[in-house]
Amino acid sequence: MMMHEVWKLLFKKPFTNKFPAKYAPKNVHSYLRRVKSGKVKLVPPIPPPPNFRGKIQYDIDSCVGCGLCAQVCPSKAIEIVRDKKWIIMHCKEGATLAAPLKIKIYVSRCVFCAQCVDVCPRKCLHMSDEFLLANEDKLSRDLIIPGP
Amino acid sequence: MPTPNKHFDKSLWVFHVNTGSCNGCDIEILAALTPRYDVERFGIKLVGSPRHADALLVTGPVSRDMVDKLKRFYEQVPDPKVVIVIGSCGISGGVFHESYDLVGPVDRIIPVDVYVPGCPPRPEAIIDGVVKAWLKLERLRGENK
Amino acid sequence: MSENYTIPIGPLHPALHEPITLKLEVSGEEIVGVDIFCSQVHRGIEWIGMNRNNAIQSIYLAERVCGICNISHPFCMVDAVEKVTNIEVPERAQYIRTIIAELERIHSHLLWAGVAAHEIGFDTVFHYTWALRESVMDLVEYLTGNRVTKAIFMIGGVRRDISEEGAKKIKEGMRFYLENFHKIEEIYLHDPTIRMRTRDVGILTKKDALKLCAVGPVARASGVPKDVRQDYPYAAYADYGLKAITPDMYNGEVHGDVFDRIIVRLLEVKQSVDIINWALDNMPSGSILAEKNLVKLKIMLKKAEGEGVGRVEAPRGEDIHYVRLKAGEEPFLSWKIRAPTYNNVLPWIPMLLGGQIADVPIVAASTDPCMSCLNRVTVVDTNKKKEFEITKEYMHEQSIKKTRRLMRNGQ
Amino acid sequence: MIWDTLMAHSPALVIIIPLLAAFGTPLIGRAGKKYMYTWILCALALTELMTIVMLYHVFTNGTAIYVMGANPYNLAIPPDSHGIPVRIILTVDAFSSFMAFTASTVALAGGIYSIACEHEQTGQEKYYALLLLMLVGMLGMVLTGDLFNFFVFLEINSLASAALVAYHVDKGVATEAGFKYAIISAIGALMFLFAIGILYGEYDALNMAMIGSRMQFTNLDKIAMALITVTMAMKAGAIPMHYWVPDGYGKAPGAISAMLVTASQASLYGLFRMSFTVFGISANHVTLGWFIIILGVLSMFVGVTMALIQHDIKRLMAYHAISQTGYMLLGVGVGLATLGTAAFNQYGLAAMEGGIFHIINHAMYKGLLFLTAGAIIYRVGTSDLNKMGGLGHTMKYTSIFFIIGALSIAGIPPFNGFASKLMIYESVYQFQPVLSIIAMIVSILTLASFVKVFHSAFMGPKIHNVKEVPRSMLIGMAILTFFIILFGLFPNIALHYLVKPAAEALASPMGYLSRVLGGGP
Amino acid sequence: MASDVLTLVNIVVGTFLVTLFGITFGLLTKGVDRKLAAHMQWRIGPPVIQPFRDVFKLLCKESIVPRNAVSWLYNMAPIVCLASTVTILLYIPFGSIAPILGHYGDVILILYLLTIPSLAMVTGGFASGSPFATVGAQREMVLMMSYEFPLATTVIALGWKISTLNPSMPVFSLETFAQYPVWNIMGPLGIVGAAILLLIMMLVTTGEITKVPFDIAEAETEIAEGLFVEYSGRNLALFYLADAVKTVVMASLIVAIFFPYNLSPLLKDYLTLPSFGCYTMDFLFYLLKLEIVIFFAMTFIRVSVARFKVDQVVKMYWGYLTLAAIIALVLIGLDIYIGGV
Amino acid sequence: MNVSDIVGEIEKNFKAEIKVVEREYGKKKVKQSTIFVRIERGNFRKFVEFLFTLQQYPHFSVISATDLGGEVELVYHFSVGYGDFNGEKMVSLGVTLPKSDLRIESITDLIPGALISEREIHEMVGVEFIGLKDTRHFFLPENWPEGKYPWRRDETFPDEMLNKLYETWREVDKNE
Ligand code: SF4
Ligand code: SF4
Ligand code: SF4
Ligand code: SF4
Ligand code: SF4
Ligand code: SF4
Ligand code: SF4
Ligand code: SF4
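Chains as they are written, first to last, in the working numbering: chain Y, 945 to 1092; chain E, -5 to 139; chain U, 42 to 452; chain A, 1138 to 1658; chain Z, 18 to 358; chain G, 5 to 180.
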């Protein structure tokens, strides 16, 4: 039974998706360089569906620092920080210099639940399609949002 | 530590250690072996003994019971070796960020080369982790011109 | 050199789930005592839940009790919390929950089948089964945004709707499985080797199943028609009117052995396909979430007081969560999770007692626990008063002898 | 000149040297152990040397006759004897000298080995004296041309052996084993004597050649033949007359076990000699041949299966000795069964060569194995395999010797066991393919059994904290190993100088007869 | 004297070339096998040169000697294993190229030589001091013993037939097999017998090179479990190479015994080739035959069945195959008898 | 047997605080019910035995424990009446134990399947089960300190063992 099936499979096209290339290139650095210059093309991964939950995106400007996202995040991936840019605030007491509250997301702690996205009143968080996040450093710039 | 030669990258034999993960990452590792992703294309194969391994794939937030075992596995892998941590909980605890029976994350116990965030990462992301490991190895050998 | 081997095999297999320690007492070949431990993967999830700031976070924690049953746990928890807070779940949400749960069952049973094939060294079947499984993974990913952790549950409903297009995709997927079902059936139920290794191995009698409170396919394979979806219907199962599957539906007899467990699981795959098709056809329209504003939901949860029990039929059996809330406090006052494997571990004792060491791997695998459950089996040899660990290798060795005996008897 | 004399007298010297040495040992022993060791070693070495000289003599000049006390020494039939050979006649053909070489080599190795192995035992003078006597017995058996002398030497050998088996008197079982051996030998001797009586009564002669030439093959002769065959087969340890073997080999000191192997082979020599030379001319070869073949196959198979279930290292090896004897019987048996037909030249002779080659090979590797077993017991103090383990960590050389011995007995190239077995396989199949197949299977079973021993004794965790055995034991083992490798890599040397002449000599009884009865030199 | 030196030089150079060929082609074969197996599992699989990479990688890795191991044996085993495997290759003809040591040995020698690599593996397993390895080693022993009977019968039966045709030939020499191809000399009954024997040899090959379903000693998820569990680095590489060469050896043996045909004699009439060309052509043809044999004896079998357990293996060999071998022997015996009349 | 019958039976036999929670599911609004019973410790065993009169083998799921400050409440989750569509009723049996006397009878002799659950509660909360022979750890490592109970909300909680995994890298973060 299996013999028959196996025989058929031998002549069938493999089910494999050839991401990122069929075989490992000789030198990955030069391969990537060639990819960049457009000489070779990477085979894309199986396309993530719409609404895929990938790396989070943050629109720092529309964030009001309400901290709701940090409250619901199940993995303590979000920290509330003071923005590095000081702004002048106009309040009842007059103008003061203040560092507004913003957030910082550690992607390597995130479990991609998108709860923060749902909760954000300003809709300034999004899940992107990006999921190739491997890194040698868990605190690399790529894995902290917003970048420094 | 003996230096890895250029064939080392293209023939990574991996050994998988579960240190108390939720299985999510583990089944994705397994899935990466199956026809759809087939990491054997890159010479990667899963081996049953740490002595044969070149890379340790570690998942999970390291429970108290597993600390010593993890260390032992690490020592059993002959040099040169690579450690890839898969999944957020192995990187930082993830959802299990605070507990009385967890001693992780993994890099507190053994040195780690590549982190693959995701909960769980897609099999492709695991492949990407391998690519990052290649890049690192090439850099170590000075082949990144 | 005597025949005692100490083979420590750590949790080293890719198909590992929760590790459990088994202590078998053997006299020569025969198992005369079994003892079980479990500490490798204890993460203290319940405690974490009781000390989180709110119930919404705990959904994601529940999801990570297990990567394979990761719909059942949040389903169960959310159900319990809804009972406490008296939130009405919209009908559409109930149907969506059902569909997702059944998709999970398909993926989980196929995963198990593949691992079981791998267990008997049939790697081609393993690859083949998992390749077929990719299709349901794609559906899950399409519906929820991730292949494994679905993160679709929310107290009071679900977070994502199934669109028209989505429904079409699911239907296509289901057609795919119906078409391929006979292949799987052919491989698993008609292969002589598989049959030889599993028939009359690891028998659990109906009485023992009841006494030890076995659940899920293990109980059903022993002829106990017990299925939470039938006995204590929840979500859309209340409308569907499900009938629990027992092996006598397939061939009119119940042995309670490993082979029966294979039958039950395979038939359930087919049943799941039916349920999904039915649910899609009968899906009511309407909202999918009782309370869309999470902030309001949080406030509601903070005010709620009381206790609730959620029960869900996970692929491996009954899953049950007990939740207790106290007004004015966001974290759970109390939370108890009981995963199915928890109850299916004790039945190993009658399955293994009087059996041979050789049967351990396949018996354990047949309850579909997490294979690392077997990670260290300590054998106490009562004759030699010497403790040594047995491992799969040794057990494979033993299983050989057993197979030989079976083959002899079989002719 | 001296050389010629030496050569001419070598047959006598071969026997006389150890005999004198044996009687001298107790005397020298009083002077001190060191002197005694030197004395013994010199004696053994000289004997070995003389056998080599004799070998050369026979190889160049053909069958040698030596009449003790006669003048000229090589006058077999003195003019005054009416054509009947009298006196003690040594008839040394290629087969005899081949056997003598085997025996003295193993004895030399055993002697050297014993120095360290037994040096804590009491009564060593007796031990060595007996050891030398045992050697004398074996040499005498293979060199003599006279039935009665054969009997006498057989007795000398048996008595010395029995005493040596029981040498470790502190172990009661050893005494019992010795006793058993003595009884078996006595019964055998009686039967043999009876057979001699029959033959003497009928042909009025004791000289083998004489009897052979006069052989009528009457019913009485048949009885004599049966008696002799059974006795010899029993002494050689063939199934189903093997009962004494496991105990005898198993309980004796290591070196003695090794020598018992050659002693058995001396009996085997007797069997072949009788079958070919004495009865061979007129008997029905095919029946006799088949009888021996069946004996061989049975020994081969039963021996190895019994060995597989043993837990005592020396008993296990003893069963292998039985099994290996089967190969010799098989080879020579096929030769005998085809003797005189065209098939003989086609493959029968080759089979015989294989069988005979196997004799010396077996003596070497089984000797070596018994010595290694002795070494293990020497260090560990037990012969129970279940109580051993991990010796490979420290006893490196012993384990190498063991591996070589084990591979050789299992017939794995490039060791000598393979060389002779190959000859048997490749000739016997033409006689009956199934026999070859069985022989091949037995050899694999042998391997399995030795792998088990290897695993139990040498592998695994260190259980005993032991050192390597003393050097003299290693030297003893090394001597045998040398021959194993030599004959394994260059079988042609052995074949050309030792085996072929021996096989041809055995296969042509007429040559033997005419040489003795021809009278003159 | 001069000719002696020449022979010696010949042998040395030949050994070197054969070793080189054995290893290269062995690894290539392994690559092809993995590739095809992967395709049969619906995957792409590793590139054909993957085994080379594996070996080079292993060579750069540390060779750990476990504390419990008997180190001298542990380190010696892989060397003996590879060396003995290569040695066997010296006795086997490649196409029309005569074997280097052909005059010094024959099939029976090869059969016995074949046990040495296994023995080396067993020894290495025992020497590693790991219970895993011990179990593996014991299984390997069992395996080795089980296929002995069918193997012995095959060789003896074929030799027997040839010897009845031409008693003066060295019947067990592979060159004789080449001169009297099995299929040409057999009557109809004999052909059936020989076909059975061929099948037996195929299955024995699968076992000899320990592939599924007979890979009990080192279950497939690896070269990993069992025997080699403690081995790493260079030692493991040597075993890996030995395995590769052994594949070539076994397949070559089948080719030499059952398919000793060459192309050049057939084509001689149609085109004239320099002798060098003939050799090359036959050699290439031989490689082709080799690959086909390996595909059926190893790749195809290993993907389409489940791994047997030790007892099933034993039953297979001692039961079914032994029976088949006896039947074949009887058939050939009848053939000889009929032919003789 | 429907819910009201069961409740009636219980009321007849025991002095108990009973609460029935019902919930509707699906378009058909199928009702599913849980009976919460609070009972004195003294009556506990009798109640379990009573369940056996409802069905030969009542299904036992798990014990949950809640630290209420001064006392610990155990809730035993049973269900009876499996096999038919919507035939099953859940009975959750609550017993309150003062922390000064954390003892209750074991039910492993009646329902062997409760073994793991009792052992778990024993190691996590520190309740002593009278008649439970096997009191070794099941989920916690063997070398777990005596008298520390992770599920308690008082001083017996092993604070010193608590690990904040996410904190381990804060320091590194600072260097950035
Ligand atoms: S003061 Fe500014 S920052 Fe604060 S809440 Fe108002 S607008 Fe936002
Ligand atoms: S996606 Fe989830 S885990 Fe990630 S930052 Fe948002 S809430 Fe936290
Ligand atoms: S002082 Fe601060 S809080 Fe107050 S009004 Fe100004 S900015 Fe707002
Ligand atoms: S919830 Fe949205 S607005 Fe509020 S802090 Fe987070 S990102 Fe900013
Ligand atoms: S956005 Fe909403 S929740 Fe946030 S501060 Fe304003 S009112 Fe409050
Ligand atoms: S990272 Fe997420 S999916 Fe992976 S093991 Fe951890 S919790 Fe599970
Ligand atoms: S039983 Fe279910 S919940 Fe438990 S580990 Fe296995 S799959 Fe996960
Ligand atoms: S025995 Fe266990 S570890 Fe080995 S392959 Fe099977 S499931 Fe995996």
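Here a beta-carbon is modelled for each residue, glycine too, at the ideal position from N, C-alpha and C. In this text the structure is predicted, and so the values were computed from the model without any measurement.
Query, Result
"Can you tell me whether DSSP reads A:Asn1678 as helix, strand or coil?", "Beyond the ends of chain A as shown, which are 1138 and 1658, falls residue 1678 of chain A; an answer cannot be given."
"For G:Tyr170, return the contacting residues in chain E, with the cut-off set at a CB-CB distance below 8 Å.", "Ser86, Gly87, His91 and Glu92"
"When you compare only the Cα positions, how much space is there between U:His54 and E:His10?", "Any reading at U:His54 must be qualified, since the residue scores a pLDDT of 34, below 50, and its modelled position is unreliable; no value is offered."
"So if I threshold CB-CB distances at 9 Å, which residues from the region 174 to 203 of chain U count as touching chain Y?", "Glu175, Asp179, Glu182, Tyr183, Leu184, Thr185, Gly186, Asn187, Thr190, Ala192, Met195, Arg200 and Arg201"
"Around the Cβ of U:Arg201, are there at least 16 other Cβ atoms within 10 angstroms (buried) or fewer (exposed)?", "buried"
"Please look up how many angstroms separate the CB atoms of Z:Thr102 and Z:Val262, rounded, as I've assumed it's under 8 Å.", "4 Å"
"Using beta-carbon positions only, say whether U:Asp280 and G:Lys35 come within less than 8 Å of one another.", "no"
"Buried or exposed, going by whether 16 or more other CB atoms sit within 10 Å of the CB of Y:Met1099?", "Given a span of 945 to 1092 for chain Y in the structure shown, any question on residue 1099 of chain Y remains unanswerable."
"Does DSSP put Y:Gln1001 in a helix, in a strand, or in coil?", "strand"
"Need the endpoints of the beta strand (DSSP E) that G:Asp71 sits in, please.", "His63 to Asp71"
"Which one of U:Pro274, U:Ile303 and U:Ile390 has the shortest CA to CA distance from U:Leu230?", "U:Ile303"
"U:Asn111 versus chain E: which residues are under 9 Å apart at the beta carbon?", "Cys16, Asn17 and Gly18"
"Which residues of chain U have a Cβ atom closer than 7 Å to the Cβ of Y:Val950, listed in chain order?", "Thr165"
"Would the region 989 to 1002 of chain Y and the region 1069 to 1080 of chain Y be scored as touching if the rule is three or more Cβ pairs under 8 Å?", "yes"
"Please report the distance separating the alpha-carbon of A:Ala1149 from that of A:Leu1186.", "13 Å"
"Please confirm whether E:Lys65 has its beta-carbon closer than 8 Å to some beta-carbon of chain U.", "no"
"In the DSSP assignment, the beta strand (DSSP E) including G:Ser83 goes from what residue to what residue?", "Glu75 to Val84"
"Excluding five sequence neighbours on each side, which residues of the same chain lie with their C-beta closer than 7 Å to the C-beta of U:Pro28?", "Since the displayed chain U opens at 42 and closes at 452, residue 28 of chain U lies outside it and no answer follows."
"Quick test of the definition: if touching needs 3 or more C-beta pairs under 8 Å, does the region 352 to 372 of chain U touch the region 251 to 264 of chain U?", "yes"
"Determine the DSSP secondary structure at Z:Glu225, reduced to helix, strand or coil.", "helix"
"Considering U:Gly351, what are the terminal residues of the beta strand (DSSP E) in which it resides?", "Gly347 to Ala355"
"Should A:Val1279 go down as buried or exposed, given a rule of 16 or more other Cβ atoms within 10 Å for buried?", "buried"
"Please state the DSSP three-state secondary structure of Y:Leu1083.", "coil"
"Counting beta carbon pairs with one atom in the region -1 to 17 of chain E and one in the region 1037 to 1049 of chain Y, are three or more of them shorter than 8 Å?", "no"
"Is G:Val129 near ligand 4, judged by its Cβ being under 7 Å from some heavy atom?", "no"
"Answer yes or no: the CB of Y:Ile1031 versus the heavy atoms of ligand 4, is any distance below 7 Å?", "no"
"So which residues on chain U does Z:Ile57 lean against when the C-beta distance must stay under 9 Å?", "According to the sequence displayed, residue 57 of chain Z carries Met and not Ile. By Cβ distance, chain U contributes Thr165."
"May I ask which residues mark the beginning and end of the beta strand (DSSP E) holding G:Asp102?", "The amino acid at residue 102 of chain G is misidentified as Asp; the sequence shows Pro. Segment Lys93 to Pro102, the beta strand (DSSP E) holding G:Pro102."
"For the region 27 to 47 of chain E, which residues have a CB atom closer than 7 Å to at least one CB atom of chain Z, in sequence order?", "Pro29, Asp32, Glu34, Arg35, Gly37, Leu40, Val41, Gly42, Ser43, Arg45 and His46"
"Does the CB of U:Ile22 have a neighbour CB from chain Z at under 8 Å?", "Absent from the structure is residue 22 of chain U, since the part of chain U shown begins at 42 and ends at 452."
"Report the neighbours of E:Asn12 on chain Z: residues whose CB is nearer than 7 Å to its CB, in chain order.", "Ordered by position in chain Z, no residue passes the 7 Å Cβ test against E:Asn12, which lies about 16 Å from the chain."
"Excluding five sequence neighbours on each side, which residues of the same chain lie with their C-beta closer than 6 Å to the C-beta of A:Val1415?", "Met1345, Ile1348 and Gly1349"
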